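Engineer: One structure coming up, written as structure tokens, with questions to follow.
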Ligand SMILES: Cc1cc2nc3c(=O)[nH]c(=O)nc-3n(C[C@H](O)[C@H](O)[C@H](O)COP(=O)(O)O)c2cc1C
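In the numbering used here, the protein residues as written are 84 to 259.
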């Protein structure tokens, strides 16, 4: 499938089927997260893969947004490893966001749907999984096959036109 088709067909899945994702697909999704670019190639991503019923229950204590997915990735990075530039946004957050995007798109190519979830309780996740303090928890990403109710939410359709998002040479309200 062409990349342009892949990104056009993806939407945030909020109705997962319970059947598990095959181990080789999980492996391919992890490999996509491994190959992502990171600042100074420091690779600070430290990602928890949760598939057991007990683990998924723990996820449910920290978020209402698992949507029945049989697999959840907890996206975190090691603050002691990530590159820091005080003048720019934290590179660790950029790194883990690119990693998550790689994983999401690799999953989509394999027919595995996903949702980026920021509505989480990081202290609860830390408690449930004994996550050390040097790991900053950024998001969770439920993944799995679409269930019978699967459909894009209305927000998916609300894409802005190109000229609201991209500007030639200068922003419209820029002053000399
Ligand atoms: C940083 C981030 C946080 C998000 N958090 C949530 C969330 O907590 N719960 C949820 O259902 N969707 C969440 N989403 C999904 C967005 O709502 C969704 O991507 C957006 O509405 C566009 O829809 P689409 O992904 O179907 O194209 C999040 C997406 C991003 C990028």
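We put the CB at the ideal spot given by N, CA and C, even for glycine.
It should be emphasised that the depicted structure is a prediction, and the values quoted were computed from it without experimental measurement.
Just checking my contact of residue 100 with residue 228 at CB under 8 Å: how many whole Å lie between their CB atoms?
Structural biologist: Here the question's residue 100 lines up with position 17 in the chain shown. Here the question's residue 228 lines up with position 145 in the chain shown. The pair is a contact, with the Cβ atoms about 4 Å apart (cut-off 8 Å).
Engineer: Quick one: grab the DSSP three-state call for residue 103.
Structural biologist: Along the chain shown, read from residue 1 onward, the residue named residue 103 stands at position 20. In this structure, residue 103 counts as coil in the three-state DSSP scheme.
Engineer: DSSP three-state label for residue 159, please.
Structural biologist: Translated into positions along the chain shown, residue 159 becomes position 76. Three-state result, residue 159: strand.
Engineer: For residue 98, does the three-state DSSP call read helix, strand or coil?
Structural biologist: As a working mapping, residue 98 is identified with position 15 in the chain shown. Here residue 98 sits in coil by DSSP.
Engineer: For residue 144, collect the residues of the same chain with a Cβ closer than 7 Å to its Cβ; drop the 5 residues on either side in sequence, then sort them by chain order.
Structural biologist: One-based indexing of the chain shown puts residue 144 at position 61. Excluding residues within five positions, the ones whose Cβ falls inside 7 Å are 207, 211.
Engineer: To the nearest angstrom, how far is the alpha carbon of residue 170 from that of residue 129?
Structural biologist: Taking the first residue of the chain shown as position 1, residue 170 is located at position 87. Taking the first residue of the chain shown as position 1, residue 129 is located at position 46. Cα-Cα distance, rounded: 24 Å.
Engineer: Compute every distance between the C-beta of residue 188 and the non-hydrogen atoms of ligand 1, then say whether any falls below 7 Å.
Structural biologist: The residue labelled residue 188 in the question sits at position 105 within the chain shown. Answer for residue 188: no, Cβ out of range of ligand 1.
Engineer: Under 8 Å by Cβ, that's how I've got residue 191 and residue 125 pegged, so tell me the actual separation to the nearest angstrom.
Structural biologist: In the chain shown, residue 191 corresponds to position 108, counting from 1. In the chain shown, residue 125 corresponds to position 42, counting from 1. With 8 Å as the limit, residue 191 and residue 125 do not qualify as a contact, their Cβ atoms being about 27 Å apart.
Engineer: Return the residue from the list 155, 175, 174 that minimises the CA-CA distance to residue 199.
Structural biologist: Within the chain shown, numbered from 1, the residue matching residue 199 stands at position 116. Checked all of 155, 175, 174; the closest Cα to residue 199 is 155.
Engineer: Below 8 Å on the Cβ atoms is my guess for residue 224 versus residue 180; work out the distance and round it to an integer in Å.
Structural biologist: Locating residue 224 in the chain shown gives position 141, where the first residue counts as 1. Locating residue 180 in the chain shown gives position 97, where the first residue counts as 1. Residue 224 to residue 180, Cβ: 11 Å. No contact.
Engineer: Taking Cβ to Cβ, would you say residue 103 is nearer than 8 Å to residue 136?
Structural biologist: Taking the first residue of the chain shown as 1, we reach residue 103 at position 20. Taking the first residue of the chain shown as 1, we reach residue 136 at position 53. No.
Engineer: Please identify the residue among 251, 247, 245, 235 whose C-alpha is closest to the C-alpha of residue 96.
Structural biologist: Residue 96 sits at position 13 when you count from the first residue of the chain shown. It is 235 whose Cα lies nearest to the Cα of residue 96.
Engineer: What are the start and end residues of the alpha helix (DSSP H) that includes residue 222?
Structural biologist: Position 139 of the chain shown holds residue 222. Counting along the chain, residue 222 falls outside any alpha helix (DSSP H), though it belongs to the beta strand (DSSP E) covering 218-227.
Engineer: Report the partner residues of residue 128 according to the DSSP bridge assignment.
Structural biologist: Residue 128 sits at position 45 when you count from the first residue of the chain shown. Residue 128 pairs with 160.
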